[in-house]
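Here the sequence shown is numbered in my numbering, starting from 625 and rising by one per residue. Virtual Cβ for every residue (Gly too), placed ideally from N, Cα, C. Nothing here was measured: the structure is a model prediction, and the numbers come from that model. To start, the structure itself, in structure tokens.
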Amino acid sequence: MTVALKHSDSITVDVALGERAYDIVIGRDLLGSLGARIAALRPDARTAIVTDRNVAKHWLDDTEASLAQAGMATARIVVEEGEGSKSYAGLEQVSEALIAAKIERNDLVIALGGGVVGDLAGFAAAILRRGVDFVQVPTSLLAQVDSSVGGKTGINSPQGKNLLGAFHQPVLVVADTAVLDTLSPRQFRAGYAEVAKYGLLGDAAFFSWLDANWRDVFAGGPAREHAIAVSCRMKAAIVSRDERETGERALLNLGHTFGHAFEAAAGFSDRLLHGEAISLGMALAFAFSAKRGLLPVAEAERVERHLTAVGLPVRSSAIAGGAPDADRLMDLIAQDKKVTRGTLTFILARGIGASFIARDIDGAEVRAFLVEKLAER
Ligand SMILES: NC(=O)c1ccc[n+]([C@@H]2O[C@H](COP(=O)([O-])OP(=O)(O)OC[C@H]3O[C@@H](n4cnc5c(N)ncnc54)[C@H](O)[C@@H]3O)[C@@H](O)[C@H]2O)c1
Ligand SMILES: [Zn+2]
């Protein structure tokens, strides 16, 4: 854990899923070798790069140059940035462009972007000609540690987020940590909440390492590669044991039941980014666990201290435009797809690094807890 890494080292994490196994390659300045890696995997494939306008501005030329250098033909498909592209209209735009670019069964779709582009391009690849392979080139921290790994793809319905989708694993993930240098500090910080999540849910030593080294992770040194690799390793291990989320994969939802409710109440807007909502949700999950006597209050406070130090919210009073009340939150929690037949399922913890799936949680107890927490400033 204290091994000094040089920038030149790239780290490979394998996702062990039998015939759907693939590598996640993590390192600085990997974009230059993307073409060669793809050519090695599928020498005769045509490719289409799906990206958004922000990412295109910074990284599309380099990506195309890398493919051209490896002799790979490629088309570009640029969608608008933002969650709005994960829609029927976004799917239509990408699907029609992929057909026009003559992407066929043995060709490759390349998703160059954050979670929005990854989910959208991955879903378009899953349904194009009943399934075309795709490569993830995640460009946000959230995408590098979470959304690009595990094969969940999809779009939103006007009735709710991620209601349409497919499990479709990528054939390769290339996470170039240098591309994160153009990400806004606020987006980087929000993605960091998911990094902290891995420590909190299953690796106390990693959490302690983050507590000591988070500044280096933000600064972009080798610590960043290490943090991303540890995160990917944990997600890969969980996904390989429970690809379809029938059990253990639910642990990755630590902080997400509370978090999604706050995110929905804020209208999935810039008022509260996903990672910010998850930070708040994780602080609440630990506080609720402490209240139930599962862990010492000091442990929950340690979680809050870390999240606060990096600049993430842990109190609902931090939400721009104000927080929803407990009844509204309970309604939103009840609508969450993680609710099974009326009983609430939460990811709670017996300590940092010791989360577990707690079923049959009484709604009245959660509501009383929220009333108390919402009153805190
Ligand atoms: N499939 C999964 O398992 C999974 C897991 C978690 C989240 N998600 C989904 O991921 C989405 C959120 O992903 P996100 O946070 O990456 O959002 P995003 O894709 O919208 O990216 C955030 C913003 O950063 C910009 N951006 C991305 N990379 C950049 C770069 N290198 N330089 C400059 N700007 C850059 C984007 O254009 C966008 O404006 C949500 O739709 C969520 O549902 C999916
Ligand atoms: Zn999340």
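Compute the minimum distance between the beta carbon of residue i and the heavy atoms of ligand 2, and state whether it is under 8 Å.
i      : result
GLY774 : no
ASP770 : yes
ILE862 : no
HIS898 : yes
GLU707 : no
GLU869 : no
GLY826 : no
GLU818 : yes
ILE902 : yes
HIS850 : no
HIS880 : yes
GLY883 : yes
Confirm, please, whether the CB-CB distance from residue j to residue i is below 9 Å.
i       : j       : result
PHE886  : ILE943  : yes
PRO948  : ALA889  : yes
ALA909  : LEU878  : yes
SER781  : VAL639  : no
TYR646  : LEU796  : yes
ALA924  : ALA911  : yes
GLY738  : VAL769  : no
LEU804  : THR777  : no
ILE852  : ALA817  : no
ARG1017 : LEU972  : Any property of residue 1017 remains undetermined from this structure, which presents the chain solely from 625 to 1001.
ILE727  : ARG670  : yes
SER941  : ARG1001 : yes
ILE985  : LEU998  : no
GLY695  : ALA663  : yes
GLU849  : ARG652  : yes
ALA820  : HIS930  : yes
SER772  : PRO794  : yes
Is residue i close to ligand 1? I mean its beta-carbon at under 8 Å from any heavy atom of the ligand.
i      : result
ARG677 : yes
GLN811 : yes
LYS785 : yes
ALA767 : yes
ASP653 : no
THR698 : no
ALA750 : no
LYS710 : yes
VAL647 : Note on identity: in this sequence residue 647 is Asp, with Val being the wrong assignment. Every heavy atom of ligand 1 is 8 Å or more from the Cβ of ASP647, so no.
GLY737 : yes
GLY815 : yes
HIS792 : no
GLY945 : no
Contact criterion: CB-CB distance below 9 Å. Does residue i meet it with respect to chain B?
i      : result
ARG983 : As a matter of chain content, chain B is missing from the structure shown, which is built from one protein chain.
Q: Flag this pair as touching only if the stretch 664-677 and the stretch 734-741 have three or more C-beta atom pairs under 8 Å; answer yes or no.
A: yes
Q. Residue ranges of each alpha helix (DSSP H) run of no fewer than 4 residues wholly in the stretch 709-792, ordered along the chain?
A. 712-724, 739-751
Q) Which runs of the alpha helix (DSSP H) fall wholly inside the stretch 823-850 and span at least 4 residues, in chain order? A) 828-843
Q. In chain order, which continuous runs of the beta strand (DSSP E) of length 3 or greater are located wholly inside the stretch 656-704?
A. 671-676, 698-703
Q) On the three-pair Cβ rule with 8 Å, is the stretch 654-674 touching the stretch 685-693? A) yes
Q: Pair every Cβ in the stretch 742-753 with every Cβ in the stretch 701-719, then say whether three or more of these pairs are closer than 8 Å.
A: yes
**Q.** Ranges of the beta strand (DSSP E) found wholly within the stretch 926-981, counting only runs of at least 3
**A.** 968-973
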